[in-house]
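Student: In my numbering, the protein residues as written are 1 to 522.
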Amino acid sequence: MNKQDQLSMSSGWKSFEELKAKYSPAEIKFEKGRRSLGLWLGPLVFIIILLMGTPEGMTVEAKQVIAITAWTVIWWVCEPIPIPATGLIPFILIPAMGIMPANALFSVLGHQNNFLMIGAYIFIGTMITHGFTKRISLWLLSRKFAAKSSTSLLMVFILAVGLLSAFMSNIPCTMLFLVIGSGISQALKIEEDHPYSRALKFGAAYGSQAGGLITPIGSPNVNFLSMGLILSLCEYNIRFADWMLVGVPTGILMFIITVIYFRLIFNIKIENIEAASQYAKAEYEKLGKMTRGEKNSIFLTVLAIVLWLVPSFAAAIFGNDSPITMKLDLVLNGAIVAIAVATIAFLLPVDWKERKFTTNWSQAERSVNWGAIVIVTTGFAIGNAMNSENVKLVLYISKKMSTLVGDSSHLVILLSFIIAGTVISQFISNVPATSILTTVAIPVALGAGMNPVAIAFSLAIACQMSYALPIAAPQMALMYGSGGIKITEFFKVGAILSLISIPIVSVPVYYWANLIFPYFPQ
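(1) Can you tell me the Cα-Cα spacing of I230 and T377, whole angstroms?
(2) Give the range of the alpha helix (DSSP H) segment to which P84 is assigned.
(3) For the pair the region 347-354 and the region 98-111, tell me if three or more CB-CB distances fall below 8 Å.
(4) Y206 and Y510: beta carbons closer than 8 Å?
(5) Closest by CA to T86, which one among W308, W71, A120 and G228?
(6) Applying the criterion that 16 or more other CB atoms from any shown protein chain within 10 Å of the CB defines a buried residue, is S36 buried or exposed?
(7) Taking only three categories from DSSP, how would you classify D321?
(8) According to DSSP, what are the bridge partners of F357?
(9) Count Cβ pairs between the region 210-225 and the region 483-492 that sit closer than 8 Å; are there 3 or more?
(10) Under three-state DSSP, which class holds M326?
(11) Roughly how many angstroms separate the alpha carbons of K295 and T301, rounded to a whole number?
(12) Exposed or buried, what is F167 when buried is set at 16 or more other beta-carbons lying within 10 Å of its beta-carbon?
(13) Around the Cβ of G181, are there at least 16 other Cβ atoms within 10 angstroms (buried) or fewer (exposed)?
(14) In whole angstroms, what is the alpha-carbon distance linking T438 and M386?
(15) Restricting to Cα atoms, I'd like to know which of V412, S435 and V440 is closest to I397.
(16) Just confirm the distance between the C-beta atoms of G484 and R198, as a whole number of angstroms; I'd bet it's less than 8 Å.
(17) Write down every uninterrupted run of the alpha helix (DSSP H) in the region 392-460 whose length is 4 residues or greater and which is fully enclosed by it, in chain order.
(18) Spatial neighbours of T151 within its chain, please: CB distance less than 7 Å, with the 5 preceding and 5 following residues excluded, ordered by chain position.
(19) Which class does M100 belong to by DSSP, given the choice of helix, strand or coil?
(20) Classify L343: buried if its beta carbon has 16 or more other beta carbons within 10 angstroms, exposed otherwise.
(21) With a 10 Å radius around its C-beta and 16 neighbouring C-beta atoms as the bar for buried, classify I47 as buried or exposed.
(22) Work out the CA separation of L395 and F106 for me, nearest whole Å.
(23) Report the CB separation of F157 from L200 in whole angstroms; it is logged as a contact under 8 Å.
(24) If we ignore side chains and look at the alpha-carbon of each, how far apart do V65 and S435 end up?
(25) Please state if the CB of N514 and the CB of A454 are separated by a distance shorter than 8 Å.
(26) Which term fits Q522, buried or exposed, when burial requires 16 or more other beta carbons within 10 angstroms of its beta carbon?
(27) My guess is that V506 and I461 are in contact by the Cβ rule of under 8 Å, so how many angstroms apart are they, rounded?
(28) I'd like the ranges of any beta strand (DSSP E) spanning at least 3 consecutive residues and lying wholly in the region 108-184.
(29) State yes or no: is the C-beta of N113 within less than 8 Å of the C-beta of A304?
(30) Note down the Cα distance separating L459 from S232, rounded to an integer number of angstroms.
(31) Return yes when the Cβ of A316 is within less than 8 Å of the Cβ of L328, no when it is not.
(32) Helix, strand or coil for L213? Go by DSSP, reduced to three states.
(33) Between the Cα of Y528 and those of A456, V108, L253 and E61, spot the shortest distance and give me the residue it belongs to.
(34) Looking only at its chain, what residues have a beta carbon closer than 7 Å to the beta carbon of G247, apart from the 5 residues adjacent to it on each side?
(35) Under 8 Å Cβ to Cβ from E274, same chain only, skipping five residues before and after it: list those, please.
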């Protein structure tokens, strides 16, 4: 088993047998307590909410949805079973309790963003399968400007992570750069617990987090979920380029903050820095000429991005309501483009004589994160249930919050949600955190006269500022599982960066998105 295979095992939910390899006895004891507590607390809270009286103005079905959501959230936090498995609970209880018909609820499985994610996972996975991601990262690190100083090498390293992560999922990107970072440390002849080695490990995870903000496909689980909820709850369509109008400056800002932050907290002075560049150059030369598979994977990714951008350019030139823009939105819908390009991957040959193509179904199955799709779909299901005609929970929350917030400033409301998103996402996956908070924040924003699209954007960003704990995101688990980092340092470094990101990153996102996406409720 190679280093990359070992790293891949450290992400996601683990049985206690698997945890023994990495966790101390004290950590195992804590995990057992957390999971046991959640196992019983989830259904208990569910029953208690159902037995409580129904508040005035709230439907019985709304109270039932709250009870189901509470059970789901508690199990997401405590993880007595895998998070995707917990995501199936609403699909059992909502139709069984008569809140929504089964066919109406299960229709969310066909949500366009699910197919967008499946298609994107497949064609982006070809870049990993054929090795282009490794090639481009080694090329960047072997450049002369990377070898000027230890700071420039670290900066290029994080930049390379961020650039790749903008166009591929955070998990494989982090895995790749943890392996490359380990090779750099070996070339520099430093141990894995050396400050510079630790900085490279943190950079692999934090850089992928920053890059994931730039495009919808960078962190597809959170970004597509947010776009889907905005479409479902606000009837506002966010295109690929629309996201980038917010994502690009946010990702760049996060990159700058991360580099400055690392420069302040890590002792990153290395004398023989040229050795790292020589290592990268040697590894790059071993790859040889670019293969047909690599070229095909680049073509597919560029094709998808160009097609995704066309409707946005048309809207900028002809206007959102022009027949040309509306036709392009229909024909070049994000999901249609993703699955069309994914299909081309099965047809584009690498070796025609051998009938070998850019991808096959076995590779595609490995590329798609089915668990993430289940969690994202759960968010759509809960959101649809809350907003359904007989439940009207979104309307109820909107009315109640408009009364409660009263004269509270928009900034106070915004900060409340952003802080909640940043804190909660340290303890549960950022996907369910985004799902839970966005379905509440949108009606609250409407009740307070705020822009719900902008607040949804802010929450999507805030829920990705999850740096403090290994359970916060798979890339954080990968980084911690790679060794050399104490949990106390992990928490300290991550918690400070998460706190810094609230005023510098998440809050400005709202005001920027408010300018770009003016929202006028019907």
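All residues carry an ideal CB built from backbone N, CA and C; glycine is no exception.
Tutor: This is what the structure gives:
(1) 14 Å
(2) I83 to T86
(3) no
(4) no
(5) W71
(6) exposed
(7) coil
(8) P349
(9) no
(10) helix
(11) 10 Å
(12) buried
(13) Classified as buried, G181 has 16 or more neighbouring CB atoms from the shown chains inside 10 Å of its CB.
(14) Their backbone Cα atoms lie some 12 Å apart in a straight line.
(15) Here the closest residue by C-alpha is V440.
(16) 6 Å
(17) 393-405, 410-424 and 430-448
(18) R263 and I268
(19) coil
(20) The sequence as given places Thr at residue 343; Leu does not occur at that position. Classification for T343: exposed.
(21) exposed
(22) 23 Å
(23) 6 Å
(24) 14 Å
(25) yes
(26) The predicted model places Q522 with a pLDDT of 49, which falls under 50 and marks its position as unreliable; any figure quoted below should be read in that light. Counting other Cβ atoms within 10 Å of its Cβ, Q522 stays below 16 and is therefore classed as exposed.
(27) The residue you asked about is not Val; residue 506 is Ser in the sequence shown. Going by Cβ atoms, the distance from S506 to I461 rounds to 5 Å, so yes, they are a contact pair.
(28) none
(29) no
(30) Distance from the CA of L459 to the CA of S232, rounded to the nearest whole angstrom, comes to 16 Å.
(31) no
(32) coil
(33) There is simply no residue 528 to check, as the chain begins at 1 and stops at 522 in what is shown.
(34) L213, I214 and T215
(35) Cβ-Cβ distances below 8 Å link E274 to A147 in the same chain, with the five nearest sequence neighbours on each side left out; the list follows chain order.
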